[in-house]
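Student: Add 50 to a position in the sequence shown, counting from 1, and you land on the number used in my numbering.
For each residue, glycine too, the CB sits at the ideal point set by N, CA and C.
Here the structure is a predicted model, which means the values were calculated and not measured.
This is the structure I have questions about; it appears just below.
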Amino acid sequence: MATEQTALTDVRDTGGGKPDGAVVRDALGVGVAVGLSGFAFGVTSAGSGLTLLQTCALSLLVFTGASQFALVGALAAGGGPFTAAAGAFFLGVRNAFYGLRLSQLLALPRMVRPFAAQWVIDETAAVSLAQPDRRSARIGFLVTGLSLYLLWNLTTLLGALGAEAIGDTDAWGLDAAGPAVFLALLAPMLRTGTERAVAGVAVLLGLGLLPVLPAGVPVLVAALAAPAVLWAQGRRKGAARGDVPEENR
C-alpha cells in the first residue's frame, strides 16, 4: 500500500499528463480574457470618485475583481466606506478557501507562499485545479496569475486615465462588466443542486433587498443564503430519516 501511494504521489509531482504548451495556452487565454476587464474597473472606479492613486492601489493590493467592483459600486451608490468594505471583504473570503486547496495541490516552498497568496483568485484556482498533475498545476497558476496581474493593473491604469474622456460611465454600462465576468466564471462551478440553490437564494436576497436597504448591505445579507440552504437541506434529510423532533412533526 505504501509503495502504491508513493507511486501515485510521484506521478502527481512529476506530471506526464498534459503538455506544458497546452497549459500555458489555456492559462494565457484566461489571463488575457479576464485581464482586459480591468479597463472597466478603472473607468468605473474613477467615475465613482476615487483618485487615480486609489484606483490603482486597489488593483495592485486587493487584486480580486468582484470585490473591487463591489467596493466602488457601493461607494458610488452612496454607501459608507465601512459597509462597502464589508461587502468587498465577504466576497473576497472565498479566496481563503481556494488557498486551502491550492496549498495542498501546489505544495510551494514556504518562502514563496506569501507572494503566491496574492494571486489566489477565481481564475488561478480554476486553471490550477483543472490540471492533471502538480507540475501542470504550478505552470497554470504561475502563467494565469502573472498574465492576469500585469494586464489587470495595466488596463486599470488606462481605464482610470481615460475615464474623463469617456464621460458618463453609467451610460456605457461598464459597471456591469465585473459582475458579468464573475458570473461567467461562477456558473460552470454550480454543479450540484445545493450549489445552485445557494446561488439562487443569494440572487433573490440581493436583488429583493436592493430597493429597501442601504448600498452594500444586500450583498451582506445574501451571504446568509449558504447557511439557510444547508439548514433546510439538513431538516429535509432528517425528516426523511424520521428523526425530526417530536414538537416539529
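If the criterion is Cβ atoms closer than 8 angstroms, does the pair N203 and G88 meet it?
Tutor: Cβ distance < 8 angstroms, so N203 and G88 count as in contact.
Student: What number of angstroms, rounded off, separates the C-alpha of R285 from the C-alpha of V251?
Tutor: Rounded to the nearest angstrom, the two C-alpha atoms are 17 angstroms apart.
Student: CA-CA distance, V61 and R184?
Tutor: With a pLDDT of only 40 at V61, under the threshold of 50, the placement of this residue in the model should not be trusted, and no figure is reported.
Student: Could you work out which residue in A275, L211, L259, V112 is closest to G142 when comparing CA atoms only?
Tutor: With distances taken between Cα atoms, G142 lies closest to V112.
Student: Can you tell me where the alpha helix (DSSP H) holding V177 begins and where it ends?
Tutor: Looking at the DSSP string, the run of the alpha helix (DSSP H) that includes V177 is 172-179.
Student: How is the alpha helix (DSSP H) around P261 delimited, first residue to last?
Tutor: Per DSSP, P261 belongs to no alpha helix (DSSP H) and is neither H nor E.
Student: If you reduce the DSSP assignment to three classes, tell me which class G88 lands in.
Tutor: Helix at G88.
Student: At which residues does the alpha helix (DSSP H) containing F147 begin and terminate?
Tutor: Start and end: 144-156.
Student: Is the CB-CB distance between G256 and P268 below 8 angstroms?
Tutor: In contact: G256 and P268 (Cβ atoms closer than 8 angstroms).
Student: Check P69 in the structure and name its three-state DSSP category.
Tutor: Reduced to three states, the DSSP call for P69 is coil.
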